[in-house]
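Take a look at the structure set out below.
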Amino acid sequence: KFIRNHDTIYHYGKSPRPLFNKRYLPYPEGYVRRDGKPPRGKGIPLEDTWNCSPADRLDSIQIMSFSREKVGRGNLTQKNENLLERMLEASSLPGDWVLDPFLGSGTTCAVAQKMGRRWIGVERSALLEDVALPRLKRVLHGDPYGISAARGWRGGGAFQVLRLEGYADAMANARGRGTARGHLQVRAVEGLCVLRSEPLAEPETCRVRTATGWAAVDAVESFARLLGLRLGRRRRVPGALLLWGEDAAGAPALVVWCSGGGPGELELPPLPSAGRAWINGPPELLASLEGWRIERVEEAFAAALRVTSEE
Numbered sequence: 009k010f011i012r013n014h015d016t017i018y019h020y021g022k023s024p025r026p027l028f029n030k031r032y033l034p035y036p037e038g039y040v041r042r043d044g045k046p047p048r049g050k051g052i053p054l055e056d057t058w059n060c061s062p063a064d065r066l067d068s069i070q071i072m073s074f075s076r077e078k079v080g081r082g083n084l085t086q087k088n089e090n091l092l093e094r095m096l097e098a099s100s101l102p103g104d105w106v107l108d109p110f111l112g113s114g115t116t117c118a119v120a121q122k123m124g125r126r127w128i129g130v131e132r133s134a135l136l137e138d139v140a141l142p143r144l145k146r147v148l149h150g151d152p153y154g155i156s157a158a159r160g161w162r163g164g165g166a167f168q169v170l171r172l173e174g175y176a177d178a179m180a181n182a183r184g185r186g187t188a189r190g191h192l193q194v195r196a197v198e199g200l201c202v203l204r205s206e207p208l209a210e211p212e213t214c215r216v217r218t219a220t221g222w223a224a225v226d227a228v229e230s231f232a233r234l235l236g237l238r239l240g241r242r243r244r245v246p247g248a249l250l251l252w253g254e255d256a257a258g259a260p261a262l263v264v265w266c267s268g269g270g271p272g273e274l275e276l277p278p279l280p281s282a283g284r285a286w287i288n289g290p291p292e293l294l295a296s297l298e299g300w301r302i303e304r305v306e307e308a309f310a311a312a313l314r315v316t317s318e319e
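In my numbering, the protein residues as written are 9 to 319.
Shown next as structure tokens:
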């Protein structure tokens, strides 16, 4: 096949007029117009195709094997920092957020740090620990490679490593029986994963037993995320925690988490005449919601996790 001489870069915006900072290359020394007069423009406009302008040193060749910014993994499609610099310079301002959902070698976040942008990088593979994190730590300590010299980068800043709660993964890897109160028990039954529902009576102190030991689980937050609920309001009443907002389709939604034996009766906030509600206690507590569809938290939890609920 022909040697590829271009990359396709898609532009997305959250408004009809997305930010785009047009950049120019400085005129070479001694440059004059066709009429012999000195140029009056801002410079030579950047083009959208590699290797076309002799004034543009950025080309399509990936990181060379002897480049100091190369991270040393041959299976990575690592891009050079000046390419990411050009993209971030065109589409963001200092202090803006930059998201790389496939962090890989960490080039995007390394460049964002050097350019004064805030950033979020997401990576689920071993590349995070083996490649990206060590590289980003070097950046904070003043990594001299890539765009550092041109940007006057001498290090600084901080970042935090966050690990998303893998509730479904924890359930799938769970082992053993004999859990104490407040612990979720999961066991294999004829190829199915069986969830004991009773411990959900203490949703804010749940733990799940996995192959590597006990792990704390935020059942309240996990349930909302599993079902795509946007619960922006909450109220704590004796024996229950109430959360309400919208479901994934935008319809009114209410979740009632009973604990400590549950409330004798439940005082609900003002709600629309119809919607969906979930409760981990007696459904009779929501009898006043006549136009609402009432469901048990345990059954919805089990359905979302594709496991069987066991009383």
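By construction, the Cβ of each residue, glycine as well, lies at the ideal position given by its N, Cα and C atoms.
Check residue i in the structure and name its three-state DSSP category.
{"i": "E37", "result": "coil"}
{"i": "R12", "result": "coil"}
{"i": "D138", "result": "helix"}
{"i": "R126", "result": "strand"}
{"i": "L144", "result": "helix"}
{"i": "P211", "result": "helix"}
{"i": "V106", "result": "strand"}
{"i": "E307", "result": "helix"}
{"i": "A312", "result": "helix"}
{"i": "A285", "result": "strand"}
{"i": "T115", "result": "helix"}
{"i": "A196", "result": "Interpretation of A196 is limited by its pLDDT of 44, a score under 50 that renders its predicted location unreliable; no figure is taken from the coordinates."}
{"i": "Y18", "result": "coil"}
Of all the options the options, which has the alpha carbon lying nearest to the alpha carbon of residue i?
{"i": "S156", "options": "R171, E93, S23 and L235", "result": "E93"}
{"i": "R342", "options": "C117, R132, L84 and V130", "result": "There is no way to answer for residue 342, as the model of the chain reaches only from 9 to 319."}
{"i": "R294", "options": "R143, C266 and P62", "result": "The identity of residue 294 in the sequence shown is Leu, whereas the question assumes Arg. Comparing Cα-Cα distances from L294 to each of R143, C266 and P62, the minimum goes to C266."}
{"i": "A158", "options": "L148, E89 and S23", "result": "E89"}
{"i": "A63", "options": "D151, Y35 and G150", "result": "Y35"}
{"i": "D151", "options": "R76, S113, G129 and K87", "result": "R76"}
{"i": "Y39", "options": "L27, N29 and I52", "result": "I52"}
{"i": "V297", "options": "R65, L262, A312 and A310", "result": "The sequence given here has Leu at residue 297, not Val. Answer by Cα proximity: L262."}
{"i": "K87", "options": "R65, S113 and D108", "result": "S113"}
{"i": "R65", "options": "F10, G160, L33 and R143", "result": "L33"}
{"i": "R233", "options": "D108, Q121, D255 and W300", "result": "D255"}
{"i": "A134", "options": "L111, T115, H149 and L148", "result": "L111"}
{"i": "I287", "options": "E210, G258 and W161", "result": "E210"}
{"i": "V305", "options": "A282, F231, V245 and R243", "result": "F231"}
{"i": "G258", "options": "G283, R244, V245 and L107", "result": "G283"}
{"i": "K78", "options": "A140, G129 and L170", "result": "A140"}
{"i": "A308", "options": "A227, P260 and L107", "result": "A227"}
{"i": "G270", "options": "W300, A248, W252 and E37", "result": "A248"}
{"i": "L148", "options": "I11, S99, Q168 and M95", "result": "Q168"}
{"i": "S99", "options": "V130, K22, E37 and L144", "result": "K22"}
{"i": "E212", "options": "G164, G268 and P260", "result": "G268"}
{"i": "A245", "options": "L84, V264, F28 and L54", "result": "Note on identity: in this sequence residue 245 is Val, with Ala being the wrong assignment. Here the closest residue by C-alpha is V264."}
{"i": "N29", "options": "R162, W300 and M95", "result": "M95"}
Tell me which residue opens and which closes the alpha helix (DSSP H) that residue i is part of.
{"i": "L91", "result": "E89 to S99"}
{"i": "L294", "result": "Here L294 belongs to no alpha helix (DSSP H), and DSSP marks it neither H nor E."}
{"i": "R159", "result": "S156 to R159"}
Quick check on the DSSP output: the beta strand (DSSP E) that includes residue i runs from which residue to which?
{"i": "R304", "result": "W300 to R304"}
Decide yes or no for the touch test of the region 123-139 against the region 97-105: beta carbon pairs closer than 8 Å, at least 3 of them. yes
On the three-pair Cβ rule with 8 Å, is the region 11-25 touching the region 41-48? no
Ordered list of beta strand (DSSP E) runs contained in the region 220-282, each at least 3 residues: For the region 220-282, whole beta strand (DSSP E) runs of length 3 or above, ordered along the chain, are 221-224, 238-245, 248-254 and 260-266.
Per the contact definition of three or more C-beta pairs closer than 8 Å, is the region 224-239 in contact with the region 269-278? In short, these stretches do not touch, since the Cβ pair count stays below three.
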